[in-house]
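Q: Questions regarding the structure given below will be posed in turn.
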Amino acid sequence: MLKRTSHNGFPVVTQVPVDPDAKHFGQFMGLITREQLILLLIKRAYFNESTMEQCGDIAVNDFRDMYPRYPKIEDIDIPLEHMKMKIDLRQFINLSPYTCNESVSFARLFNLFRSMGLRHLVIVNENNKAVGIVTRKDLPSSGNGGNRAVPGFNNSV
């Protein structure tokens, strides 16, 4: 996924629904950044699910020491036998990122991005299940106050 997209923030959910027609992506837990994921891969912070054996160690200092010059995902070599391993993201995610309910008006969303300097904002439904994400690139750059209609949003003030 990191090689296929240039996104910088990723919602972390408890479980992705099996139903392809589901209108959500699972219970929203928090947000993790591209840089955090890349560092976790570099440090091999994944584990073998069958043996529960951890491959590498990671410390808080590792995040600080690499900032702000994180390598690109293309520069990371992951051994083929590690590709099926998993990373427990719970200890690394931001548990309280800004979120908005799916009924938020676009004008309010636009003002939140402008006033808080956000890069991304997870949209959740009334059950706190992730239904989407809005990034700065999704907003009009002309500063027209969010007058553009966006499907799926309540576009009234």
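Quick note, this note's numbering runs 2 ahead of the 1-based positions in the sequence shown. Glycine is no exception: its CB is placed at the ideal position from the N, C-alpha and C atoms. As the structure is a computational prediction, the values presented were derived from the model and not from experiment.
Quick check: what's the CA-CA separation for residue 15 versus residue 37?
A: Position 13 of the sequence shown, counted from the first residue, corresponds to residue 15. Position 35 of the sequence shown, counted from the first residue, corresponds to residue 37. Looking at the two C-alpha atoms, the distance is approximately 18 Å.
Q: Please determine if the stretch 45-63 and the stretch 23-33 are in contact, where contact requires at least 3 C-beta pairs separated by less than 8 Å.
A: With fewer than three CB-CB distances shorter than 8 Å, the stretch 45-63 does not count as touching the stretch 23-33.
Q: On the three-state DSSP scale, how would you describe residue 80?
A: On the sequence shown, residue 80 is found 78 positions in, with the first residue counted as 1. Coil.
Q: On the three-pair Cβ rule with 8 Å, is the stretch 116-123 touching the stretch 3-22?
A: yes
Q: Cα-Cα, which of 100, 49, 104 and 57 is closest to residue 117?
A: For the purposes of this step, residue 117 is taken as the residue at position 115 of the sequence shown. Residue 117 has its Cα closest to that of 100, out of 100, 49, 104 and 57.
Q: Using 10 angstroms around the beta-carbon of residue 43, count the other beta-carbons present and answer buried if the total reaches 16, otherwise exposed.
A: Reading the sequence shown from its first residue, position 41 is the one you call residue 43. Burial call: buried.
Q: How would you call residue 34, buried or exposed, if buried means at least 16 neighbouring beta carbons within 10 angstroms?
A: Counting from 1 along the sequence shown, the entry for residue 34 is found at position 32. Buried, since its Cβ has 16 or more Cβ neighbours within 10 Å.
Q: Taking the Cβ atom as the reference point for each residue, do residue 40 and residue 69 lie within a distance shorter than 8 Å?
A: Your numbering for residue 40 matches position 38 in the sequence shown. Your numbering for residue 69 matches position 67 in the sequence shown. No, they are not a contact pair.
Q: Could you please give me the residues that DSSP links to residue 95 through a beta bridge?
A: Translated into the one-based positions of the sequence shown, residue 95 becomes position 93. None, per the DSSP bridge assignment.
Q: Looking only at its own chain, which residues have a Cβ that is under 6 Å from the Cβ of residue 134, when we skip the five neighbours before and after it?
A: Start at 1 with the first residue of the sequence shown, and residue 134 comes out as number 132. Closer than 6 Å at Cβ, skipping near neighbours: 125.
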